[in-house]
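Peer 1:
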Amino acid sequence: MNPPPPASTVYGMLLQKHSGSGCQRLMDSVLDLTYHFLRSCISDVPVYTEAFLSADFSSPGGGTDEDRISALPDRVLRGIISLLPAKDAARTAALSSRWRPLWRSAPLVVVDDHLVSGEARFLSPDAQSSIIVSVVTRILEAHPGPFCYVHISWAAMDEHRAELARWIYFLAIKGVEELVLVNRPCPFDLPLPSAIFSLASVSRLLLGVWKFPDTAALPRGAAFPHLLELCLCYLAIEDRDLDFILARSPVLESLVIYSSQMQLNLRIISSSLQCVQLCLCYVLELAMVNAPCLERLFLWETVRREDGDRGSSTIRFGHAPNLRVLGFLMPGIDVLVVGNTVIKVGTKSDSNTVVPSVRVLALNVCFDIRSEVKMLPRFLPSAAELCSDPAADRIFKPAPALQDPMPTEPVTR
Amino acid sequence: MAAPESGDGNNGAARMVTLISSDNTRFEVEAAAASLSQTLQLTILDGGGGGGDGIPLPNVDSATLSKVLEYCIKHAPAAANGGAPNATAVDRAELERFDNEFVNIDQSVLYSLIMAAHNLEIEGLQSLVAKKVADMIKGKSPMEIRRTLGFPDPTPEEQAEMNAHMLEYGWAYE
Numbered sequence: 001m002n003p004p005p006p007a008s009t010v011y012g013m014l015l016q017k018h019s020g021s022g023c024q025r026l027m028d029s030v031l032d033l034t035y036h037f038l039r040s041c042i043s044d045v046p047v048y049t050e051a052f053l054s055a056d057f058s059s060p061g062g063g064t065d066e067d068r069i070s071a072l073p074d075r076v077l078r079g080i081i082s083l084l085p086a087k088d089a090a091r092t093a094a095l096s097s098r099w100r101p102l103w104r105s106a107p108l109v110v111v112d113d114h115l116v117s118g119e120a121r122f123l124s125p126d127a128q129s130s131i132i133v134s135v136v137t138r139i140l141e142a143h144p145g146p147f148c149y150v151h152i153s154w155a156a157m158d159e160h161r162a163e164l165a166r167w168i169y170f171l172a173i174k175g176v177e178e179l180v181l182v183n184r185p186c187p188f189d190l191p192l193p194s195a196i197f198s199l200a201s202v203s204r205l206l207l208g209v210w211k212f213p214d215t216a217a218l219p220r221g222a223a224f225p226h227l228l229e230l231c232l233c234y235l236a237i238e239d240r241d242l243d244f245i246l247a248r249s250p251v252l253e254s255l256v257i258y259s260s261q262m263q264l265n266l267r268i269i270s271s272s273l274q275c276v277q278l279c280l281c282y283v284l285e286l287a288m289v290n291a292p293c294l295e296r297l298f299l300w301e302t303v304r305r306e307d308g309d310r311g312s313s314t315i316r317f318g319h320a321p322n323l324r325v326l327g328f329l330m331p332g333i334d335v336l337v338v339g340n341t342v343i344k345v346g347t348k349s350d351s352n353t354v355v356p357s358v359r360v361l362a363l364n365v366c367f368d369i370r371s372e373v374k375m376l377p378r379f380l381p382s383a384a385e386l387c388s389d390p391a392a393d394r395i396f397k398p399a400p401a402l403q404d405p406m407p408t409e410p411v412t413r
Numbered sequence: 001m002a003a004p005e006s007g008d009g010n011n012g013a014a015r016m017v018t019l020i021s022s023d024n025t026r027f028e029v030e031a032a033a034a035s036l037s038q039t040l041q042l043t044i045l046d047g048g049g050g051g052g053d054g055i056p057l058p059n060v061d062s063a064t065l066s067k068v069l070e071y072c073i074k075h076a077p078a079a080a081n082g083g084a085p086n087a088t089a090v091d092r093a094e095l096e097r098f099d100n101e102f103v104n105i106d107q108s109v110l111y112s113l114i115m116a117a118h119n120l121e122i123e124g125l126q127s128l129v130a131k132k133v134a135d136m137i138k139g140k141s142p143m144e145i146r147r148t149l150g151f152p153d154p155t156p157e158e159q160a161e162m163n164a165h166m167l168e169y170g171w172a173y174e
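Taken in order, these protein sequences are the chains called A and B. Just so we're aligned, residue 1 is where the first sequence starts under UniProt numbering, counting upward by one. Just so we're aligned, residue 1 is where the second sequence starts under UniProt numbering, counting upward by one.
1) Is it the case that the CB of B/V29 approaches a heavy atom of the ligand SAH more closely than 8 Å?
2) At 4 residues or longer, what runs of the alpha helix (DSSP H) sit wholly inside the region 46–111 of chain A?
3) Using only the alpha-carbon positions, how far apart do A/H114 and B/G139 sit?
4) Check the Cβ of A/P73 against every Cβ in chain B and list those closer than 8 Å, keeping chain order.
5) For the 8 Å Cβ check, are there 3 or more pairs between the region 136–151 of chain B and the region 114–126 of chain B?
6) So, helix, strand or coil for A/Y234, using DSSP?
7) Using CA coordinates, which residue listed in B/I114, B/H75, B/V103 is at the minimum distance from B/L95?
8) If you measure from the beta carbon of B/E174 to each beta carbon in chain A, is any gap under 9 Å?
9) Would you say A/S357 and A/P331 are within 9 Å of each other, going by their C-beta atoms?
10) I'd like the span of the alpha helix (DSSP H) that includes A/Q274, first residue to last.
11) What does the alpha-carbon distance come out to for the pair A/L72 and B/D153?
12) For B/I44, go through chain A and note every residue whose CB falls closer than 8 Å to its CB, in chain order.
13) Give, in chain order, every residue of the region 135–152 of chain A whose Cβ lies closer than 8 Å to some Cβ of chain B.
14) Check the Cβ-Cβ distances between residue 445 of chain A and every residue of chain B, and say whether any is below 9 Å.
15) With distances taken between CB atoms, is the gap from A/I315 to A/V337 smaller than 9 Å?
16) In whole angstroms, what is the alpha-carbon distance linking A/W167 and A/P191?
17) Relative to the C-alpha of B/P58, which residue among B/N24, B/P77, B/T18, B/A89 is closest?
18) Any C-beta of chain A sitting closer than 9 Å to the C-beta of B/H165?
19) My parser needs the beta strand (DSSP E) runs of 3 or more residues fully inside the region 321–385 of chain A; what are they?
20) What would DSSP say about A/R316, mapped onto helix, strand or coil?
21) Which full runs of the beta strand (DSSP E) of 3+ residues lie inside the region 168–251 of chain A, going along the chain?
22) Looking at the structure shown, is A/V150 part of a helix, part of a strand, or coil, going by DSSP?
23) Kindly indicate which residue of A/S371, A/P187, A/I268 has the alpha-carbon position closest to the one of A/E295.
24) When the cut-off is 9 Å and only beta carbons count, does B/L149 lie next to chain A?
25) Mind checking A/N2: buried by the 16 CB within 10 Å criterion, or exposed?
26) Pop quiz: B/L19 and B/G50 are said to be a contact at Cβ under 8 Å. What is the actual Cβ separation, rounded to whole angstroms?
27) How far does the beta strand (DSSP E) with A/S259 in it reach, from first residue to last?
28) Have a look at residue 415 of chain A and B/L110 and give me their C-alpha separation to the nearest angstrom.
29) If we count the other Cβ atoms within 10 Å of its Cβ and call it buried at 16 or more, is B/G150 buried or exposed?
30) For B/A84, would you say it is in contact with chain A, using Cβ-to-Cβ distances shorter than 9 Å as the test?
31) Quick check: A/L273 and A/L286, are their CB atoms within less than 9 Å of each other?
32) Considering Cα atoms alone, identify which of A/V365, A/F379, A/R78 is closest to A/F317.
33) Which residues in chain A have a C-beta closer than 8 Å to the C-beta of B/K138? List them in chain order.
34) What's the gap between the Cα of A/S96 and the Cα of B/L167?
35) Under a CB-based cut-off of 9 Å, is A/G63 close to chain B?
36) Less than 9 Å between the beta carbons of A/L199 and A/C231, yes or no?
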């Protein structure tokens with residue numbers, strides 16, 4: 001049995017609590033819940049296996065309309081192939097000599113869920129993982145790239161570490177734009193190869209259920225030069241490695257941390273980051289050290305103390321001159337620090353303690369702390385409070401990962 | 001907020017443009033609908049197609065153009081709203097229903113539509129017709145795809161190549 005994850009998350013706590021009691025079934029269902037929750041955070045895949053539009057019309061038959069589709073330009077045919085699940089796409093190369101080279105030159109979409117079909121769906125998770133791993137390996141070998149979208153979230157990679165390393169190698173040399181790479185637990189802390197930093201072309205990246213590589217040992221050139229959106233789901237990642245990612249992602253605009261195996265001290269130092277969401281994390285401190293472009297910051301259902309009660313998170317306003325949207329603060333629980341001043345009920349508002357840029361503020365008020373709520377407008381004078389109601393966080397769910405990270409909000413740019 | 005009507009022209013009256021198909025049929029449509037075509041957009045913006053002039057489309061016949069415009073007229077209001085963040089679920093469901101019906105057509109019409117969408121660069125229509133063809137291909141063997149798409153019977157060489165592909169790319173057939 002794998003060691004349970006650290007107790008710093010809701011799931012970790014549940015697991016630890018029940019692991020001694022031999023309550024294996026409960027543990028399994030908690031594990032399942034964690035994993036399915038993570039998968040639900042992943043945005044819809046761009047290609048689907050169902051044929052929604054295929055009303056079977058009668059084929060023209062017998063050469064009246066002979067193969068007009070093959071007369072279409074390459075660009076159009078490649079566009080069609082890119083809409084197919086990987087196996088269907090590969091089969092088009094068998095149609096005729098006209099079609100043979102097209103598959104190899106069409107940007108490829110690989111979704112592991114599409115690779116297990118028919119009776120294989122009833123196999124054990126391990127058997128399904130083996131099928132996925134073997135097919136993905138052959139696809140990545142056979143196709144010259146680039147891969148526009150690769151999504152692996154059904155495979156338990158513990159037994160397939162060598163293949164994992166090969167995939168990352170292929171994705172690095174052939175190019176991948178968008179990558180979802182989630183290990184199916186257990187274990188929770190399978191080491192992610194540090195070669196992940198060789199994916200120079202990746203622009204959207206979601207990593208789930210890994211132990212993040214130690215960045216201290218990485219070469220100086222390790223970076224994500226084109227990364228725009230990053231979502232980290234339930235990783236074992238140290239604060240210094242988060243710092244490293246921010247420092248080495250010069251165009252990163254959106255960072256989402258969806259649950260984490262460690263408590264977080266996030267120091268935002270980034271000249272490109274516009275939106276940060278922390279969901280279901282254990283946040284000790286979040287500091288906007290130097291975030292000139294940061295516009296939106298969300299803490300959603302963050303766990304703030306190890307016993308599951310909401311202990312305090314410290315939120316430091318350093319340099320974030322463009323922060324417009326801020327949620328969900330918990331007045332009376334979160335500690336706000338503006339510059340060097342801790343904001344308390346009696347604190348005077350002056351030019352050093354006011355955050356004038358915030359236009360929209362969402363609060364999560366749990367009990368009677370009227371004075372704390374009332375003091376906030378003095379420090380966030382331009383903010384319209386969206387909600388100061390315990391039920392409000394049901395309305396303002398964070399957007400799913402890898403989609404537009406902006407919840408519905410009435411702000412005009 | 002802008003009025004739901006296109007509001008594109010002056011005095012609230014929608015500006016009209018004339019498009020002329022390859023077989024010389026004239027179609028008068030709102031500028032907003034015709035502007036879904038990236039190819040036509042700038043010409044229309046510069047005032048083209050107004051008055052008695054009309055924009056000739058030598059690559060598109062009248063049957064295809066009328067179908068293309070049916071799509072554009074239906075989709076123009078949503079496009080004017082900037083991709084529809086304000087659209088209700090009902091509106092979106094209605095557009096989806098329309099799209100499904102719209103591509104339920106004969107293959108020869110479908111291919112003419114693909115070419116027209118491609119030449120006129122109408123993004124939504126390009127993606128809709130490509131999806132339709134992709135859906136016709138999904139879950140089928142190469143032989144079944146050939147039949148569905150109206151390929152002639154394979155020559156012995158083609159048959160041999162199909163078999164070779166099946167051997168080399170076994171994973172695609174599992």
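Glycine included, C-beta positions come from ideal geometry on N, C-alpha and C.
Peer 2: According to the structure shown:
1) The ligand content of the structure shown is nil, which means the ligand SAH is not present either.
2) 74–81, 86–91, 100–105
3) The residue labelled residue 114 of chain A in the question sits at position 114 within the first sequence. The residue labelled residue 139 of chain B in the question sits at position 139 within the second sequence. So the two alpha carbons sit approximately 11 Å from each other.
4) Along the first sequence, read from residue 1 onward, the residue named residue 73 of chain A stands at position 73. Near A/P73 (Cβ distances below 8 Å), the residues of chain B are H118.
5) no
6) As a position in the first sequence, residue 234 of chain A is number 234, starting the count at 1. Residue state, collapsed to three classes: strand.
7) As a position in the second sequence, residue 95 of chain B is number 95, starting the count at 1. Ranking B/I114, B/H75, B/V103 by Cα distance to B/L95 puts B/H75 first.
8) Sequence index remark: in the second sequence, residue 174 of chain B carries index 174 (1-based). B/E174 counts as touching chain A.
9) On the first sequence, residue 357 of chain A is found 357 positions in, with the first residue counted as 1. On the first sequence, residue 331 of chain A is found 331 positions in, with the first residue counted as 1. No, the pair does not count as a contact, with Cβ atoms beyond the cut-off.
10) The sequence position of residue 274 of chain A within the first sequence is 274, counting from 1. Premise fails: A/Q274 is in no alpha helix (DSSP H) and is neither H nor E.
11) To locate residue 72 of chain A, count along the first sequence from 1; it is residue 72. To locate residue 153 of chain B, count along the second sequence from 1; it is residue 153. Cα to Cα, A/L72 sits roughly 20 Å from B/D153.
12) Counted from its first residue, the second sequence places residue 44 of chain B at position 44. Neighbours of B/I44 on chain A: none; closest Cβ ~25 Å, over 8 Å.
13) V135, R138, I139, A142
14) Missing from the structure shown is residue 445 of chain A; chain A here goes from 1 to 413 and no further.
15) Position 315 of the first sequence, counted from the start, is the residue given in the question as residue 315 of chain A. Position 337 of the first sequence, counted from the start, is the residue given in the question as residue 337 of chain A. Yes, they are a contact pair.
16) Stepping through the first sequence from its first residue, residue 167 of chain A is reached at position 167. Stepping through the first sequence from its first residue, residue 191 of chain A is reached at position 191. The straight-line gap from Cα to Cα measures roughly 15 Å.
17) Sequence index remark: in the second sequence, residue 58 of chain B carries index 58 (1-based). Nearest of B/N24, B/P77, B/T18, B/A89 to B/P58, Cα basis: B/N24.
18) Taking the first residue of the second sequence as 1, we reach residue 165 of chain B at position 165. So, interface residue.
19) 325–329, 335–338, 360–363
20) Indexing the first sequence from 1 puts residue 316 of chain A at position 316. A/R316: strand per DSSP, three-state reduction.
21) 176–182, 204–208, 229–235
22) Along the first sequence, read from residue 1 onward, the residue named residue 150 of chain A stands at position 150. A/V150 falls in the strand class under three-state DSSP.
23) Within the first sequence, residue 295 of chain A is the residue found at index 295, counting from 1. Closest by alpha carbon: A/I268.
24) Sequence index remark: in the second sequence, residue 149 of chain B carries index 149 (1-based). Yes, B/L149 lies at the interface with chain A (some Cβ there is under 9 Å from its Cβ).
25) What you label residue 2 of chain A is simply residue 2 of the first sequence in a count that begins at 1. Any reading at A/N2 is ruled out, since the residue's pLDDT is 41, under 50, leaving its predicted position unreliable.
26) Position 19 of the second sequence holds residue 19 of chain B. Position 50 of the second sequence holds residue 50 of chain B. Not a contact, Cβ separation roughly 12 Å.
27) Numbered from its first residue, the first sequence carries residue 259 of chain A at position 259. Taken as a continuous stretch (DSSP letters only), the beta strand (DSSP E) holding A/S259 covers 254–260.
28) The structure shown does not extend to residue 415 of chain A, since chain A is modelled only from 1 to 413, so the question has no answer here.
29) Looking up residue 150 of chain B in the second sequence gives position 150. Classification of B/G150: buried, given that the 10 Å Cβ count is 16 or more.
30) Counted from its first residue, the second sequence places residue 84 of chain B at position 84. Note that B/A84 scores 49 on pLDDT, short of 50, meaning its location in the model is unreliable and no value can be drawn from it.
31) Position 273 of the first sequence, counted from the start, is the residue given in the question as residue 273 of chain A. Position 286 of the first sequence, counted from the start, is the residue given in the question as residue 286 of chain A. Contact flag unset, no.
32) Position 317 of the first sequence, counting from 1, holds the residue named residue 317 of chain A. Out of A/V365, A/F379, A/R78, A/F379 has the C-alpha closest to the C-alpha of A/F317.
33) Counting from one through the second sequence, the residue named residue 138 of chain B turns up at place 138. Neighbours of B/K138 on chain A, chain order: T49, E50, A51, S54, L84, P85, D88.
34) Locating residue 96 of chain A in the first sequence gives position 96, counting from the first residue. Locating residue 167 of chain B in the second sequence gives position 167, counting from the first residue. Answer to the nearest angstrom: the Cα atoms are 16 Å apart.
35) As a working mapping, residue 63 of chain A is identified with position 63 in the first sequence. With a pLDDT of 46 at A/G63, under the threshold of 50, the modelled position of this residue cannot be trusted; read the value that follows with caution. Yes, because at least one Cβ of chain B sits closer than 9 Å to the Cβ of A/G63.
36) What you label residue 199 of chain A is simply residue 199 of the first sequence in a count that begins at 1. What you label residue 231 of chain A is simply residue 231 of the first sequence in a count that begins at 1. Result no, Cβ atoms of A/L199 and A/C231 do not sit closer than 9 Å.
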